[in-house]
Amino acid sequence: MKTLPSGFRPEVGLVLGSGLGGLAERIRTVRSVPYARIPGFRATGVSGHSGRLVLGHFAGKRVAALCGRIHYYEGHSMERVIFPVRALAKLGVSSLILTAAVGSLRPDLRPGSLVAVRDHINFMGRNPLRGPRPFGPDRGFVDLGECYSKRILGILSRSARSLGMTLRSGVYAASSGPSYETPAEAAAFRLLGGDVAGMSVVPEAVAARAAGLEVAAVCLVTNFAGGAGGRRLRHEDVTRMADLHGGKLVSLLEKTVRGL
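Once you know that position 12 of the sequence shown is 502 in the working numbering, the rest is easy, because the numbers rise by one and skip nothing.
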């Protein structure tokens, strides 16, 4: 990739979700490139996603940060959705930390809570590995028994404790969106073991594991799913909550990346 500066090989990949792009301001930037200028990437079409690849130094590590993501619900193919993560793998990252804003499926996970993903349920109706496999014909048959790294989850937990933060772990229920969950859907997700609900993370996590990366995901709860919050939910409410509480997620990621 011509975007890569000479002699710079990133160690850690970061994907910054809705309203969580503030972390990019903490990166000592070597190069920042809009997605529209990178072959194979697509410009983001959702507010709260700036759509830039930032290469630089963060928390003592060389990082490649995807500031915003494209989503399956925007009409892109699943292969296009996971292309940026596959590009990070080609750039040389060995670990990937995903972030996202999510809806809570549990009354005790209130807006502002941080949740480390320990597992997921894919309700998106599509496996992201269906189709061409750039990392080898057998890499689609990836074992997802530990999709989310227990090692990084441990670092996240220790980092949260040292910062005096409460970090829960939970199961991410992924749907294709873009409409939010109905009350019945939220109840079904909860019955099947889901703790939070969202419209991303899972394709990227699966693609990263297929590429041999160590994966973690941390989510910021911005709302209750399925109308449980008692008010009409809008995307601007999600980004507003992410802006309000995103600072603690940035602090947690900084501590965690330093410990990788």
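The C-beta atom is built at its ideal place from N, Cα and C for all residues, glycine as well.
Note that the structure is a prediction, hence the values are computed from the model and not measured.
- Judged by DSSP secondary structure, residue 609 falls within the beta strand (DSSP E) whose first and last residues are 604 to 612.
- Checking the DSSP bridge columns, you'll see residue 547 partnered with 518 and 552.
- In the structure shown, the three-state DSSP call for residue 631 is coil.
- The C-beta separation of residue 671 from residue 715 comes to about 5 Å, placing the pair in contact by the 8 Å criterion.
- Between the alpha carbons of residue 709 and residue 746 lies a gap of roughly 14 Å.
- Only residues of its own chain outside the window of five on either side were considered, and among them 534, 539, 540 and 541 have a CB closer than 6 Å to the CB of residue 558, listed in chain order.
- Taken in chain order, the complete beta strand (DSSP E) segments of 3 or more residues contained in the segment 650 to 731 are 657 to 664, 686 to 688 and 704 to 714.
- In this structure, 686 is the residue among 686, 634 and 722 with its C-alpha nearest to the C-alpha of residue 593.
- Scanning its chain for C-beta atoms nearer than 6 Å, with the 5 sequence neighbours on each side dropped, one finds around residue 602 the residues 735, in chain order.
- Beta-bridge partners assigned by DSSP to residue 593: 687 and 713.
- For residue 506, the uninterrupted beta strand (DSSP E) run begins and ends at 502 to 506, by DSSP.
- When the beta-carbon positions are compared, residue 684 and residue 595 come within less than 8 Å of each other.
- With distances taken between CA atoms, residue 707 lies nearest to 610 out of 561, 729 and 610.
- Annotation: the continuous alpha helix (DSSP H) that includes residue 569 extends over 568 to 581.
- Around the beta carbon of residue 635, a 10 Å sphere encloses fewer than 16 other beta carbons of the protein chains shown; the residue is thus reported as exposed.
- Sixteen is the threshold: since fewer than 16 other Cβ atoms of the shown chains lie within 10 Å of the Cβ of residue 726, the residue is exposed.
- Residue pairing by DSSP places residue 557 opposite 506 and 542 in a beta bridge.
- Within the same chain, 621 come within 6 Å of residue 569 by CB-CB distance, once the 5 residues on both sides are set aside.
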